[in-house]
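**Student:** Have a look at the structure that comes next, please.
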Amino acid sequence: MKIGLVSDTHMPHSARRLPDQLVRAFREQRPDIIAHMGDFTSLEVRDMLERFAPVEAIAGNNDGPDIVRIFGRRKILEVGDVRIGMVHGDGSAKTTVERAWRSFSNEKVHAVLFGHSHIPYCEQREGVWLVNPGSPTDKRRNPLYSYGMLEVKNGQIIPKLYFFARDGRSAAPDRRL
Numbered sequence: 003m004k005i006g007l008v009s010d011t012h013m014p015h016s017a018r019r020l021p022d023q024l025v026r027a028f029r030e031q032r033p034d035i036i037a038h039m040g041d042f043t044s045l046e047v048r049d050m051l052e053r054f055a056p057v058e059a060i061a062g063n064n065d066g067p068d069i070v071r072i073f074g075r076r077k078i079l080e081v082g083d084v085r086i087g088m089v090h091g092d093g094s095a096k097t098t099v100e101r102a103w104r105s106f107s108n109e110k111v112h113a114v115l116f117g118h119s120h121i122p123y124c125e126q127r128e129g130v131w132l133v134n135p136g137s138p139t140d141k142r143r144n145p146l147y148s149y150g151m152l153e154v155k156n157g158q159i160i161p162k163l164y165f166f167a168r169d170g171r172s173a174a175p176d177r178r179l
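The numbers in my numbering rise by one with no breaks, and the one at position 174 of the sequence shown is 176.
Written out as structure tokens, the structure is:
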């Protein structure tokens, strides 16, 4: 199963539509589902993403009460025997990575997907993948926009982050993963 990963779209503030590079990537890579880790800021983003695949999501700290009510603030996806935690990652203690990690510390998960910082991140800790896809629409101080793909195959998790500029260059995976 392929899961498209996005977070922190902040639409329509950061963009009025999904970037062409993301649209092209989802058309070509054909994810089975798309996971959005919060800060939609508009439900229209869900509708845009559902053109490519069903959306699983959680709300972020910038999402209004309707989005929180629809998605909640955390969840666990089960893909066969693989359990994937989803949380935005906001809060007051430690770093975004630490908050995401601690959100599922008392539960058996194989990956934790998070957002909030807009900083792409992909590392394994104690056998658990921690993945932040960054943002395809609001890169902040990062040099490139980003999204991710996570493949679950034979009980294994294979994450990839993809980076792109808005100058027409296509998305390329981070070869360090």
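Positions of the beta carbon are idealized from the N, C-alpha and C atoms, including for glycine. Just so you know, these numbers come straight off a predicted model, no measurement behind them.
Report the three-state DSSP secondary structure of leucine 20 (helix, strand or coil).
**Tutor:** It is coil, neither helix nor strand.
**Student:** To the nearest angstrom, how far is the alpha carbon of glutamine 126 from that of aspartate 22?
**Tutor:** For glutamine 126 and aspartate 22, the distance between alpha carbons rounds to 30 Å.
**Student:** Report the partner residues of lysine 77 according to the DSSP bridge assignment.
**Tutor:** The partner list for lysine 77 (beta bridge, DSSP) reads Met88.
**Student:** Measure the alpha-carbon distance for arginine 177 versus lysine 162 and round it to whole angstroms.
**Tutor:** With a pLDDT of 48 at arginine 177, under the threshold of 50, the predicted position of this residue should be treated as unreliable, and no value is reported.
**Student:** Hey, out of Arg168, Arg143, Ala55, Leu115, whose CA is closest to alanine 61's CA?
**Tutor:** With distances taken between Cα atoms, alanine 61 lies closest to Leu115.
**Student:** My understanding is that valine 133 touches leucine 152, with C-beta atoms under 8 Å, so please give their C-beta distance in whole angstroms.
**Tutor:** Between leucine 152 and valine 133 the Cβ distance is about 7 Å, and since that is below 8 Å, they are a contact.
**Student:** Give the secondary structure of leucine 146 by DSSP, where H, G and I count as helix, E and B as strand, and everything else as coil.
**Tutor:** Note: leucine 146 maps to coil in three-state DSSP.
**Student:** Identify which residue in Asn64, Pro122, Met88 has its Cα closest to the Cα of tyrosine 164.
**Tutor:** Looking at the Cα atoms, Pro122 is the closest of the given residues.
**Student:** If we count Cβ pairs, one from each stretch, closer than 8 Å, do we get three or more for the stretch 10-29 versus the stretch 66-77?
**Tutor:** Judged by Cβ distances under 8 Å, the stretch 10-29 makes no contact with the stretch 66-77, as fewer than three pairs qualify.
**Student:** So for isoleucine 69, helix, strand or coil by DSSP?
**Tutor:** Here isoleucine 69 sits in helix by DSSP.
**Student:** Do you know how far the Cα of glycine 150 is from the Cα of leucine 7?
**Tutor:** The alpha-carbon atoms of leucine 7 and glycine 150 are separated by roughly 5 Å.
**Student:** So the candidates are Ile86, His120, Gly82; which of them puts its Cα closest to the Cα of glutamate 109?
**Tutor:** Nearest option by C-alpha distance: Ile86.
**Student:** Out of Gly129, Asp92, Arg75, Ser107, state which residue places its alpha-carbon closest to the alpha-carbon of serine 119.
**Tutor:** Ranking the options by Cα distance to serine 119, first place goes to Asp92.
**Student:** Can you tell me the Cα-Cα spacing of glycine 129 and arginine 26, whole angstroms?
**Tutor:** Roughly 32 Å between the two C-alpha positions.
**Student:** CB-CB under 6 Å to isoleucine 160, same chain, minus the five flanking residues each way: which ones, in chain order?
**Tutor:** Contacts found: Glu153.
**Student:** So the candidates are Thr43, Ala37, Asp41; which of them puts its Cα closest to the Cα of leucine 51?
**Tutor:** Checked all of Thr43, Ala37, Asp41; the closest Cα to leucine 51 is Ala37.
**Student:** Alpha carbon to alpha carbon, what distance is there between threonine 43 and alanine 102?
**Tutor:** Their backbone Cα atoms lie some 20 Å apart in a straight line.
**Student:** Ignore the nearest five residues each way along the sequence and tell me which others in tryptophan 131's own chain have a CB closer than 6 Å to its CB.
**Tutor:** Here the set comprises Ala113, Ile159, Pro161.
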